[in-house]
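Per the numbering used here, the very first residue in the sequence shown carries number 3; after that it's consecutive. All residues carry an ideal CB built from backbone N, CA and C; glycine is no exception. Contents: one structure, followed by commentary.
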Amino acid sequence: MTTGSVHRTQFEDFKRGAGLVANPPQLRVESIFLAVFHLIDACAARRNVHIDKHQKVRHELEANPAIFGDRTEEVWSAFQDIETRLRPKFVYGRSWRKEDFDAVFEKTARIEAICREVLG
Numbered sequence: 003m004t005t006g007s008v009h010r011t012q013f014e015d016f017k018r019g020a021g022l023v024a025n026p027p028q029l030r031v032e033s034i035f036l037a038v039f040h041l042i043d044a045c046a047a048r049r050n051v052h053i054d055k056h057q058k059v060r061h062e063l064e065a066n067p068a069i070f071g072d073r074t075e076e077v078w079s080a081f082q083d084i085e086t087r088l089r090p091k092f093v094y095g096r097s098w099r100k101e102d103f104d105a106v107f108e109k110t111a112r113i114e115a116i117c118r119e120v121l122g
């Protein structure tokens, strides 16, 4: 099982890539998506839970509500919206608009704030 510190390092590395304005929007969205996944997994690791892959975020968070407490649904819902509605516009096509790009970063910022509370 990967440790929380490894997930936090992965988060920082992917977030750095997402912040590089020189990178194309598609790469920035994929990077911030992976960053926030690793941050969620770092929170899970504090409870000895390993999410394993991004498709399992909702399942694992619902099965382990102690990770985020009463904010569990807020976290998985925001993550799932990025994963299933926003990210595909960038990764698999070119149907995205600036509002979609902004929404990805707004949702990840909300998840990051919750994770930082959990991680202390």
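Grab the span of the alpha helix (DSSP H) containing residue i for me, first residue to last.
i          : result
residue 21 : 6–21
residue 27 : 27–47
residue 61 : 59–65
residue 86 : Residue 86 -> no alpha helix (DSSP H), and no H or E assigned at all.
Pick from the options: whose alpha carbon is nearest that of residue i?
i           : options          : result
residue 85  : 115, 62, 38      : 38
residue 105 : 25, 9, 5, 35     : 35
residue 61  : 79, 100, 108     : 79
residue 54  : 6, 119, 107, 113 : 6
residue 9   : 25, 48, 29       : 48
Between which residues of its own chain and residue i is the CB-CB distance below 8 Å, once the five residues before and five after are set aside?
i           : result
residue 122 : none
residue 12  : 36, 37, 40
residue 116 : 70, 73, 76, 77
Quick one: residues in its chain with C-beta nearer than 7 Å to the C-beta of residue i, no 5 flanking neighbours on either side, listed in chain order?
i           : result
residue 18  : none
residue 1   : The question about residue 1 has no answer, for the chain in this structure spans 3 to 122.
residue 112 : 80
CB-CB under 6 Å to residue i, same chain, minus the five flanking residues each way: which ones, in chain order?
i           : result
residue 110 : 34, 38
residue 91  : 97, 98, 102
residue 1   : The structure shown does not extend to residue 1, since the chain spans only 3 to 122, so no value can be given for it.
### Task
Counting only runs of 3+ residues fully inside the stretch 95–120, write out the beta strand (DSSP E) ranges in chain order.
none
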